[in-house]
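Everything in the sequence shown is counted per our numbering, starting at 1 for the first residue and increasing by one.
Positions of the beta carbon are idealized from the N, C-alpha and C atoms, including for glycine.
Computed from a predicted structure; not experimentally measured.
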Amino acid sequence: MEIELNKSVKERIFHAVIFEVTANVIIALSLAWLMNVSVLQSGSLSVISALTATVWNFIFNKLFDSLQKKYQFERTFLIRAIHAVGFETGLIITLMPVAMIMLNLTMTEAFFVEIGLVLFFLPYTMLFNWLYDYLRWTFVGRKRSVM
């Protein structure tokens, strides 16, 4: 499978939005159930998280693709793991205070909520991006190769 590194801004926005919508529906429902908070509270946190994560996703993936262009590495399992960990670390730093305020949590509680989200998002990020790359290659990349 060949990875396209010169994605358009439009495609990068599409990728980020699909990633966030799917994840945040799962998170909003799960968080409401696990923390015994209203879906309005968990949904509001999810929307703020999604907006923050969408911007971060766009920036982070653009930087990551630039590094891949410069150093010419392939997206092996290890590289995808590094990608996922780097993305989630930056997001935790940003979103922990938001969770504290919106759910009225202590710093420790917010930290554990964020760790729980990371435990969800690490495999989700890897699987989503692998599936996206595979589907893109299957429906777009192969057609370009044939032409």
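(request) Just tell me which of Ile-48, Phe-64, Phe-87 and Asn-6 has its CA closest to the CA of Val-98. (result) Indexing the sequence shown from 1 puts residue 98 at position 98. Comparing Cα-Cα distances from Val-98 to each of Ile-48, Phe-64, Phe-87 and Asn-6, the minimum goes to Ile-48.
(request) Excluding the 5 residues preceding and the 5 following Gly-86 in the sequence, name in chain order all residues of the same chain whose CB lies nearer than 6 Å to its CB. (result) By one-based count along the sequence shown, residue 86 stands at place 86. Counting only Cβ-Cβ distances below 6 Å, and skipping sequence neighbours, we find nothing.
(request) Taking Phe-60 as part of the alpha helix (DSSP H), name the residues at either end of that continuous run. (result) Walking along the sequence shown from the start, residue 60 turns up at place 60. Segment 39-71, the alpha helix (DSSP H) holding Phe-60.
(message) Measuring CB atoms only, is the segment 80-95 touching the segment 17-37, in the sense that at least three cross pairs come out at less than 8 Å?
(response) no
(request) Using beta-carbon positions only, say whether Arg-12 and Lys-70 come within less than 8 Å of one another. (result) Position 12 of the sequence shown, counted from the first residue, corresponds to residue 12. Position 70 of the sequence shown, counted from the first residue, corresponds to residue 70. Contact: no.
(message) Please report the straight-line C-alpha distance between Ala-81 and Asn-36, rounded to a whole angstrom.
(response) Here residue 81 refers to the residue found at position 81 of the sequence shown. Here residue 36 refers to the residue found at position 36 of the sequence shown. Approximately 32 Å between the Cα atoms of the pair.
(request) Tell me whether the beta-carbon of Leu-105 lies closer than 8 Å to the beta-carbon of Val-113. (result) Indexing the sequence shown from 1 puts residue 105 at position 105. Indexing the sequence shown from 1 puts residue 113 at position 113. In contact: Leu-105 and Val-113 (Cβ atoms closer than 8 Å).
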